[in-house]
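Report on one structure; see the data block that follows.
Residue numbers (my numbering), protein chains in the order written: chain L, 467 to 685; chain R, 28 to 276.
So this is what it looks like as structure tokens:
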């Protein structure tokens, strides 16, 4: 186990890590607001909106992410007539699948956060003349995020690990390069390196969420 | 002319009728204490005044403008305009826990009137905190205040929007006995400045000393109404007499 071998395998794996990190950020940035939108829809007074949100959440949480990825990448293009318009690139298909799936989980986490907020916060906002939008943005959202943060951190860490599912739609990522190297060289080291990369990424994430929790604490 | 006119207001929760044909009026400068046992409908009545509850029937007019007429509500914009003349203080304060005292006071005013500068909002905030004796708590988070301090901040917050009428829903009921005095003192100061106040309270002494009119409610109706002297010293109704026997001892 010499250093030059380590460098040789780490290069492509770090390249793979770029795909994972890219997917992570795209997914987080889109699915958080999308999830909150679904939370609001699920609480809407307008029944069809509620219905759409609840079915979406049920399907996305009730089926494997792997199936959803395969469905989007391999399944959609073979639908008669409209299938030809639903052909996505590998990475794009993965982004769509991950974003929709995580939005459903985030929607449920936010719902839990909203449940924890006292009715009095809404009443105080109302008598102080805040509109519903102002109340949501200035009063409810910050309190909801504080409650939701630990669960969000949990999901974010799961997301980092789930990026290994890129493998299923043949986007080369960390695990792909590790597996190739292990088969080729009959050496366990690439798996160890892969694990190390995931641990480092999640270590950074854990620290970041600790900071966020500090920022949002109001004790 | 009456500042608030309530006529034949009715309100039910499911099958339980909590307000049965309630009528009364509030004149400018009045300090009205609403007393009565739990479940008598007094809090619901107060909440109807500021549209936290919808009435099922009757009329409420504030400052000459009808908010609801014979069970039919005005358009939302008009309701907002009408309720904006009132400030409300809750039993459980309902300060915004994620904002410090300064932001609790300035945020609503800032959102309400974008033309005001930050400095103007802060100036007003400081004046009102001074008035309730909590200027030094400007940067504190609500979690770091005592119950009495929280309620005084809540009063200052309600005053930020220059209400003509202040509504208090059992403002001292959630406080330890030794903390009620500071809140009652603040309210007494307001009364001295001729603020029109409607106070739902269990503090009989406060009702006796500060109010100029007392309403006794029982079973969803106003059973008796009069000056503190009339109500506390010469109650006419049997129900009032019975309530006061238990409440005053």
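Backbone N, C-alpha and C define an ideal beta-carbon position, used for all residues, glycine too.
As the structure is a prediction and not an experimental result, all values here were calculated from the model.
Contact list for residue i against chain L, beta-carbon separation under 8 Å
{"i": "residue 79/R", "result": "589, 592 and 593"}
{"i": "residue 188/R", "result": "594 and 595"}
Cross-chain neighbours of residue i in chain R, by beta carbon under 7 Å
{"i": "residue 596/L", "result": "135 and 138"}
{"i": "residue 684/L", "result": "124, 125, 168 and 170"}
{"i": "residue 586/L", "result": "117, 119 and 121"}
Neighbour-count burial assignment, residue i, 16 or more Cβ in a 10 Å radius
{"i": "residue 140/R", "result": "exposed"}
{"i": "residue 546/L", "result": "exposed"}
{"i": "residue 227/R", "result": "buried"}
{"i": "residue 491/L", "result": "exposed"}
{"i": "residue 220/R", "result": "exposed"}
{"i": "residue 262/R", "result": "buried"}
{"i": "residue 620/L", "result": "exposed"}
{"i": "residue 208/R", "result": "exposed"}
{"i": "residue 232/R", "result": "exposed"}
{"i": "residue 672/L", "result": "exposed"}
{"i": "residue 28/R", "result": "exposed"}
{"i": "residue 43/R", "result": "exposed"}
{"i": "residue 244/R", "result": "buried"}
{"i": "residue 163/R", "result": "exposed"}
{"i": "residue 176/R", "result": "buried"}
Beta carbon proximity, residue i to chain L, threshold 9 Å
{"i": "residue 90/R", "result": "no"}
{"i": "residue 195/R", "result": "no"}
{"i": "residue 185/R", "result": "yes"}
{"i": "residue 114/R", "result": "yes"}
Partners in chain R for residue i, counting only beta-carbon separations shorter than 8 Å
{"i": "residue 612/L", "result": "125"}
Minimum Cβ-Cβ distance from residue i to chain R less than 9 Å
{"i": "residue 550/L", "result": "no"}
{"i": "residue 677/L", "result": "no"}
{"i": "residue 686/L", "result": "Here chain L comprises residues numbered 467 to 685, so residue 686/L is not present and cannot be evaluated."}
{"i": "residue 604/L", "result": "yes"}
{"i": "residue 600/L", "result": "yes"}
Review point. With a cut-off of 8 Å, do at least 3 Cβ pairs link the region 487-504 of chain L to the region 618-629 of chain L?
Key: For the pair of segments examined, the region 487-504 of chain L was found to touch the region 618-629 of chain L: the number of CB pairs separated by less than 8 Å reaches three.
**Study point:** Stretch-stretch touch, CB-based, cutoff 8 Å, three pairs: the region 520-533 of chain L with the region 598-610 of chain L
**Key:** No, the region 520-533 of chain L does not touch the region 598-610 of chain L.
Exercise for review: Please confirm if the region 32-39 of chain R is in contact with the region 197-214 of chain R, defined as three or more CB-CB distances below 8 Å between the two stretches.
Suggested key: Cβ pair count under 8 Å is below three, so no.
Check your understanding: Taking a cut of 9 Å between CB atoms, which residues from the region 97-112 of chain R lie near chain L?
Key -> Cβ proximity to chain L below 9 Å picks out 107, 110 and 111 from the region 97-112 of chain R.
Review point. Does the count of Cβ pairs from the region 74-87 of chain R and the region 240-259 of chain R closer than 8 Å reach three?
Key: With the cut-off at 8 Å, the region 74-87 of chain R and the region 240-259 of chain R do not touch.
Check your understanding: Counting Cβ pairs, one atom from each stretch, are 3 or more of them under 8 Å apart for the region 514-521 of chain L and the region 643-657 of chain L?
Key -> With a cut-off of 8 Å, the region 643-657 of chain L and the region 514-521 of chain L do not count as touching, because too few Cβ pairs lie within range.
Check your understanding: Between the region 471-480 of chain L and the region 607-616 of chain L, do three or more beta carbon pairs fall short of 8 Å?
Key -> They do not touch, by the three-pair rule.
**Study point:** Sufficient close CB pairs (3 or more, under 8 Å) joining the region 53-71 of chain R to the region 667-684 of chain L
**Key:** Cβ pair count under 8 Å is below three, so no.
Check your understanding: Touching or not, the region 190-197 of chain R and the region 104-114 of chain R, by the rule of three or more beta carbon pairs under 8 Å?
Key -> Result yes; three or more Cβ-Cβ pairs closer than 8 Å.
Check your understanding: Hey, is the region 252-266 of chain R in contact with the region 87-103 of chain R, meaning 3+ C-beta pairs nearer than 8 Å?
Key -> Contact between the region 252-266 of chain R and the region 87-103 of chain R is absent, because fewer than three Cβ pairs lie under 8 Å.
Point to revise | Given 8 Å, three or more beta-carbon pairs between the region 116-130 of chain R and the region 147-164 of chain R | key: Contact holds: three or more Cβ-Cβ distances are below 8 Å.
Point to revise | Cβ contact (3+ pairs, closer than 8 Å) linking the region 584-595 of chain L and the region 117-125 of chain R | key: A contact between stretches requires three or more CB pairs, one per stretch, nearer than 8 Å, and the region 584-595 of chain L meets this requirement with the region 117-125 of chain R.
Practice item. Examine the Cβ distances between the region 556-565 of chain L and the region 630-640 of chain L and report whether three or more of them are shorter than 8 Å. Key: Touching, yes, given that three or more Cβ pairs across the two stretches are closer than 8 Å.
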